[in-house]
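S.K.:
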Amino acid sequence: MPKTGNNFDYSDRRVALVTGGARGIGFEIVRRFLADGYQVAFVATKVEHVERALVAFDCPRHQIYAETTDVTQQNELERFVERVQARWGEIAILVNNAGISPKRVDQDTPWLSQTTLQEWARVIDVNLTCPFNLIRLLAPAMIAAGYGRIINIGSLAGRAMPLIAGPHYAASKAGLVGLTRAAARDLAPHGITVNCIAPGRILSDLTGPSGAAVNRSALSRIPVGRLGTAEEIAHVAAFLVSSMAGFITGATIDVTGGEFAA
Ligand code: NDP
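What follows is the structure, encoded as structure tokens:
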């Protein structure tokens, strides 16, 4: 059987990198990958969050590695990747999860007029440019190995008219859908899949600050009648990196409890 494409035994390619793995959806993806036997490296920005997550994972050092790194600091991110490679070898799985969604300061002023160019640039940088950078950084080794799994965490806000999120967030997440397709097309011949998961409203620190009223109003739009959980996103990520998902690439999978995505 040829050792390429979907027939390859991937059991020795188990090094994963998850951005924003200290909290919320990223935390649950790391936890799920660890449970599935992967070696997982993650970054987040705050040392206390990274430390708290490491305690919660309670894993031997040969299975987990984490640093505080801002994903927009390209040099730091590159050094982090080098340290992961030095420990465990090439990274086979990348989950671009780290994301920010600034809250609207003044509910009576339209988003467009209260979004500064500086804030726009920061959101695009974290949510869209960093995934592009990391894909470019890790793809050569995946190509050389003839295998890779890349997941971008998008959002319903990039698929439908955003009701809560700002224009920078919606644009960055819509951009991830395009980046996913473009990267998938380039990398498919090399045994690498690239997919996007677009969560609807998920309970996390990112949605908590919007408040109970916003979450109640979101509930009225979700046919299954509840908010999603970070574990439910992690299940989809676990499937997409498994050998069962080898024929899925360029896809955006809506995980929204039925809330409408265009
Ligand atoms: P959280 O705010 O709960 O967690 C975000 C994680 O990303 C944190 O660990 C944070 O680090 C890290 N992070 C943020 N910015 C950076 C950065 N510049 N460099 C490195 N790490 C960073 O978010 P969620 O878990 O809710 O969201 C995760 C992803 O899912 C995001 O891309 C978000 O847009 C997307 N999403 C979330 C939805 C939801 O309803 N929650 C809905 C749709 C999409 P630290 O802990 O140090 O602060």
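Using the numbering used here, you'd call the opening residue of the sequence shown number 466 and step up by one each time.
Quick reminder that beta carbons are idealized off the backbone N, C-alpha and C, glycines included.
Tell me whether Ser566 counts as near the ligand NDP, meaning its Cβ is closer than 8 angstroms to at least one heavy atom of that ligand.
M.R.: Counted from its first residue, the sequence shown places residue 566 at position 101. Correct: Ser566 has its Cβ closer than 8 angstroms to the ligand NDP.
S.K.: Examine the ligand NDP and report whether any of its heavy atoms sits within less than 8 angstroms of the Cβ of Cys595.
M.R.: Start at 1 with the first residue of the sequence shown, and residue 595 comes out as number 130. Correct: Cys595 has its Cβ closer than 8 angstroms to the ligand NDP.
S.K.: Measuring straight from C-alpha to C-alpha, what distance separates Tyr653 and Val512?
M.R.: Translated into positions along the sequence shown, residue 653 becomes position 188. Translated into positions along the sequence shown, residue 512 becomes position 47. The residue you asked about is not Tyr; residue 653 is Ala in the sequence shown. Their backbone Cα atoms lie some 37 angstroms apart in a straight line.
S.K.: Looking at C-alpha atoms only, which residue of Ile662, Ile713, Val642 is the closest neighbour of Ile490?
M.R.: Position 25 of the sequence shown holds residue 490. Of the candidates Ile662, Ile713, Val642, the one whose C-alpha sits nearest the C-alpha of Ile490 is Ile662.
S.K.: Write down the C-beta distance between Val480 and Ile556 rounded to the nearest angstrom, noting that I regard them as a contact closer than 8 angstroms.
M.R.: Numbered from its first residue, the sequence shown carries residue 480 at position 15. Numbered from its first residue, the sequence shown carries residue 556 at position 91. So it is a contact: roughly 5 angstroms between Cβ atoms.
S.K.: Any idea which residues DSSP pairs Gln504 with across the strands?
M.R.: By 1-based counting over the sequence shown, the position of residue 504 is 39. DSSP output for Gln504 lists Val480 as bridge partner(s).
S.K.: Pull up the DSSP beta-bridge partners for Tyr530, would you.
M.R.: Within the sequence shown, the letter at position 65 stands for residue 530. DSSP output for Tyr530 lists Ala506 as bridge partner(s).
S.K.: Could you tell me the alpha carbon to alpha carbon distance between Leu602 and Arg552, rounded to whole angstroms?
M.R.: What you label residue 602 is simply residue 137 of the sequence shown in a count that begins at 1. What you label residue 552 is simply residue 87 of the sequence shown in a count that begins at 1. Approximately 17 angstroms between the Cα atoms of the pair.
S.K.: From Gly643 to Val520, what does the alpha carbon distance come to, in whole angstroms?
M.R.: Position 178 of the sequence shown, counting from 1, holds the residue named residue 643. Position 55 of the sequence shown, counting from 1, holds the residue named residue 520. In a straight line, the C-alpha of Gly643 is about 37 angstroms away from that of Val520.
S.K.: So if DSSP puts Thr580 in a beta bridge, which residue, or which two residues, is it bridged to?
M.R.: Locating residue 580 in the sequence shown gives position 115, counting from the first residue. Paired residues: none, contrary to the question.
S.K.: In chain order, which continuous runs of the beta strand (DSSP E) of length 3 or greater are located wholly inside the stretch 616-686?
M.R.: Complete beta strand (DSSP E) runs here, min 3: 657-664.
S.K.: Name the one or two DSSP bridge partners that Ile717 has.
M.R.: Start at 1 with the first residue of the sequence shown, and residue 717 comes out as number 252. The displayed chain sequence assigns Thr, not Ile, to residue 717. DSSP output for Thr717 lists Cys661 as bridge partner(s).
S.K.: Are the beta-carbon atoms belonging to Asn562 and Ile615 less than 9 angstroms from one another?
M.R.: Reading the sequence shown from its first residue, position 97 is the one you call residue 562. Reading the sequence shown from its first residue, position 150 is the one you call residue 615. Result no, Cβ atoms of Asn562 and Ile615 do not sit closer than 9 angstroms.
S.K.: On the DSSP letters alone, give me the boundaries of the alpha helix (DSSP H) that Ile600 sits inside.
M.R.: Position 135 of the sequence shown holds residue 600. 595-610 is the span of the alpha helix (DSSP H), which, as asked, contains Ile600.
S.K.: DSSP on Leu692, reduced to helix/strand/coil?
M.R.: As a working note, residue 692 is residue 227 in the sequence shown. The answer is coil: DSSP assigns Leu692 none of H, G, I, E or B.
S.K.: Which residues mark the beginning and the end of the alpha helix (DSSP H) in which Asn540 is found?
M.R.: The sequence position of residue 540 within the sequence shown is 75, counting from 1. Here the alpha helix (DSSP H) through Asn540 covers 539-553.
S.K.: Quick check on this structure: which residue in Leu621, Leu542, Ala649, Ala695 has the alpha carbon closest to the alpha carbon of Ala509?
M.R.: For the purposes of this step, residue 509 is taken as residue 44 along the sequence shown, with counting starting at 1. Checked all of Leu621, Leu542, Ala649, Ala695; the closest Cα to Ala509 is Leu542.
S.K.: Measuring CA to CA, which of Gly722, Leu593, Gly619, Gly640 is closest to Leu692?
M.R.: As a first step, residue 692 is located in the sequence shown; it is residue number 227 there, counting from the start. It is Gly722 whose Cα lies nearest to the Cα of Leu692.
S.K.: How many angstroms separate the CA atom of Pro567 from the CA atom of Leu593?
M.R.: On the sequence shown, position 102 is the one that residue 567 refers to. On the sequence shown, position 128 is the one that residue 593 refers to. Their backbone Cα atoms lie some 15 angstroms apart in a straight line.
S.K.: Taking its Cβ as the centre, do 16 or more other Cβ atoms sit within 10 Å of Thr469, making it buried, or is it exposed?
M.R.: To locate residue 469, count along the sequence shown from 1; it is residue 4. Bear in mind that the predicted position of Thr469 carries a pLDDT of just 45, short of 50, making it unreliable; the figure below should be weighed with that in mind. Counting Cβ neighbours within 10 Å, Thr469 comes out exposed, since fewer than 16 surround it.
S.K.: Rounded to the nearest angstrom, how far is the Cβ of Phe545 from that of Thr534, given a contact under 8 angstroms?
M.R.: What you label residue 545 is simply residue 80 of the sequence shown in a count that begins at 1. What you label residue 534 is simply residue 69 of the sequence shown in a count that begins at 1. About 5 angstroms; that satisfies the 8 angstroms criterion.
S.K.: Consider the C-beta atom of Val536 and the heavy atoms of the ligand NDP; say whether any pair is separated by less than 8 angstroms.
M.R.: What you label residue 536 is simply residue 71 of the sequence shown in a count that begins at 1. The answer is yes for Val536.
S.K.: According to DSSP, Val560 sits in a beta bridge with which residue or residues?
M.R.: For the purposes of this step, residue 560 is taken as residue 95 along the sequence shown, with counting starting at 1. In DSSP, Val560 forms a bridge with Val483, Ile616.
S.K.: Three-state secondary structure (DSSP) at Met466?
M.R.: As a first step, residue 466 must be located in the sequence shown, where it is residue number 1. Legend: pLDDT at Met466 = 37, less than 50; position of this residue unreliable, value from coordinates given subsequently. Of the three classes helix, strand and coil, the one that applies to Met466 here is coil, per DSSP.
S.K.: Apart from the five residues just before and just after Ile713, which ones in its own chain have a Cβ nearer than 8 angstroms to its Cβ?
M.R.: Residue numbering aside, residue 713 sits at position 248 when the sequence shown is read from its first letter. Closer than 8 angstroms at Cβ, skipping near neighbours: Thr658, Asn660, Leu705.
S.K.: Reducing DSSP to helix, strand and coil, say where Phe725 ends up.
M.R.: On the sequence shown, residue 725 is found 260 positions in, with the first residue counted as 1. In this structure, Phe725 counts as coil in the three-state DSSP scheme.
S.K.: Under 8 angstroms Cβ to Cβ from Ala518, same chain only, skipping five residues before and after it: list those, please.
M.R.: On the sequence shown, position 53 is the one that residue 518 refers to. So the list reads Gly486, Ala487, Arg488, Phe492, Val495, Phe507, Ala509, Ala531, once near-sequence residues are dropped.
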